[in-house]
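Count the sequence shown with my numbering and you get residues 7 to 257, in order. Quick reminder that beta carbons are idealized off the backbone N, C-alpha and C, glycines included. Quick caveat, the model's predicted, so the values are computed rather than measured. Reading through the structure tokens given below for one structure.
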Amino acid sequence: MRRWLPLLAVLAVGCDDRPAPSPTPKTTSKAPTSLAPSWQEAAGLRVLVRYTGGAKPTDAVLLIVALHGLGDRPESFAGLFSGYSQPARLALISAPKPFADGFSWFDYRDDASADELSAGIRAAAVGVARATEVLSKRAPTSKVVVTGFSQGGMLSFALAALRPELYSAAYPLGGTLPRPLWPLRGDAARKLPIVIALHGEDDPRVPIGPARLGVQALRDAGYHAELRGFAGVGHGVSPLMRRELWALLGS
Numbered sequence: 007m008r009r010w011l012p013l014l015a016v017l018a019v020g021c022d023d024r025p026a027p028s029p030t031p032k033t034t035s036k037a038p039t040s041l042a043p044s045w046q047e048a049a050g051l052r053v054l055v056r057y058t059g060g061a062k063p064t065d066a067v068l069l070i071v072a073l074h075g076l077g078d079r080p081e082s083f084a085g086l087f088s089g090y091s092q093p094a095r096l097a098l099i100s101a102p103k104p105f106a107d108g109f110s111w112f113d114y115r116d117d118a119s120a121d122e123l124s125a126g127i128r129a130a131a132v133g134v135a136r137a138t139e140v141l142s143k144r145a146p147t148s149k150v151v152v153t154g155f156s157q158g159g160m161l162s163f164a165l166a167a168l169r170p171e172l173y174s175a176a177y178p179l180g181g182t183l184p185r186p187l188w189p190l191r192g193d194a195a196r197k198l199p200i201v202i203a204l205h206g207e208d209d210p211r212v213p214i215g216p217a218r219l220g221v222q223a224l225r226d227a228g229y230h231a232e233l234r235g236f237a238g239v240g241h242g243v244s245p246l247m248r249r250e251l252w253a254l255l256g257s
């Protein structure tokens with residue numbers, strides 16, 4: 007499996023159509039923390055917690071649940087938030103399965119069916135949801151959002167569909183929502199998270215077409231959901247996408 011070479015401040019784009027370890031922004035600047043980052047445990051998962059924008063553990067601030075991609079790890083995925091200046095508690099959760107130099111949320115096969123892929127995503131989402139419940143009670147929290155790239159983007163979609171009560175918003179990056187995970191239309195009065203997906207229009211590994219279908223399925227189920235495509239971007243996060251994510255997190 008080909009290794010991806012990261013570029014400064016942007017996730018690298020591979021050139022074959024097989025899954026590869028998800029690249030992460032590299033930066034030489036310090037992570038935007040007001041306190042030293044700490045490793046914690048939540049529902050059996052390891053979590054790297056960082057405070058941004060001068061926030062303190064006693065402040066009721068935004069909790070950002072951040073989920074890395076295939077072959078990545080929280081320490082490097084944190085680069086996506088380097089320079090983020092809004093007060094927040096950033097919870098970078100580590101996937102449990104070793105893969106290459108990092109970790110994977112679920113086993114991946116090129117020939118996996120939609121049902122098999124969905125089963126892996128669903129099982130991982132159960133663990134992240136439990137960790138979210140623990141983290142949201144561990145310190146004062148104003149609201150909870152979830153975001154992630156690639157496998158983490160798939161989980162962000164799935165968590166909005168499967169556990170909508172836990173999150174105010176979901177911002178998947180380069181992810182997709184397989185048909186078996188599409189939600190049914192529920193009670194119109196229930197509170198649903200906003201879902202805004204950011205996706206490279208030239209993504210060869212997680213094509214934007216199926217992501218559009220998943221977003222439409224969320225709309226059909228009563229969600230406020232949209233997909234924002236970025237021309238010329240493959241399976242990665244461009245500087246423009248990162249700025250868009252930060253704007254959404256601050257809204």
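Collapsed DSSP secondary structure at residue i in the structure displayed
i: residue 113; result: coil
i: residue 95; result: strand
i: residue 131; result: helix
i: residue 72; result: strand
i: residue 52; result: strand
i: residue 208; result: coil
i: residue 79; result: coil
i: residue 63; result: coil
i: residue 231; result: strand
i: residue 213; result: coil
i: residue 203; result: strand
i: residue 244; result: coil
i: residue 38; result: For residue 38, the predicted model reports a pLDDT of 40, less than 50, meaning its position is unreliable; a value from the coordinates is still stated below. Residue 38: coil per DSSP, three-state reduction.
i: residue 238; result: coil
i: residue 32; result: Because the pLDDT of residue 32 is 41, which lies under 50, any placement of that residue in the model is unreliable, and the number read from its coordinates should be weighed accordingly. Reduced to three states, the DSSP call for residue 32 is strand.
i: residue 124; result: helix
i: residue 108; result: strand
Beta-carbon proximity check, residue i vs residue j, cutoff 8 Å
i: residue 41; j: residue 157; result: no
i: residue 173; j: residue 151; result: yes
i: residue 205; j: residue 180; result: yes
i: residue 83; j: residue 101; result: no
i: residue 199; j: residue 170; result: yes
i: residue 74; j: residue 154; result: yes
i: residue 233; j: residue 253; result: no
i: residue 43; j: residue 52; result: no
i: residue 164; j: residue 131; result: yes
i: residue 168; j: residue 111; result: no
i: residue 182; j: residue 217; result: yes
Buried versus exposed, by CB contacts within 10 Å (16 or more), residue i
i: residue 245; result: exposed
i: residue 261; result: Nothing about residue 261 can be reported from this structure: the residues present for the chain run from 7 to 257 only.
i: residue 48; result: buried
i: residue 113; result: exposed
i: residue 64; result: exposed
i: residue 175; result: buried
i: residue 85; result: buried
i: residue 78; result: buried
i: residue 248; result: buried
Any C-beta of chain B under 8 Å from that of residue i
i: residue 68; result: No chain B is part of this structure, which consists of one protein chain only.
- Is the region 201 to 219 touching the region 229 to 247, taking contact as three or more C-beta pairs under 8 Å? Touching, yes.
- Say whether the region 102 to 110 touches the region 185 to 194, bearing in mind that this needs 3 or more beta-carbon pairs closer than 8 Å, one atom from each stretch. Remark: fewer than three beta-carbon pairs, one from each stretch, lie closer than 8 Å, so the region 102 to 110 and the region 185 to 194 are not flagged as touching.
- Query: Going along the chain, which unbroken runs of the alpha helix (DSSP H) with 4 or more residues stay wholly within the region 139 to 198?
  - Reply: Those alpha helix (DSSP H) runs which fall completely within the region 139 to 198 and span 4+ residues are 157 to 168.
- Contact between the region 132 to 146 and the region 88 to 102 (3+ Cβ pairs under 8 Å): Taking 8 Å as the limit for Cβ pairs, the verdict is that the region 88 to 102 does touch the region 132 to 146.
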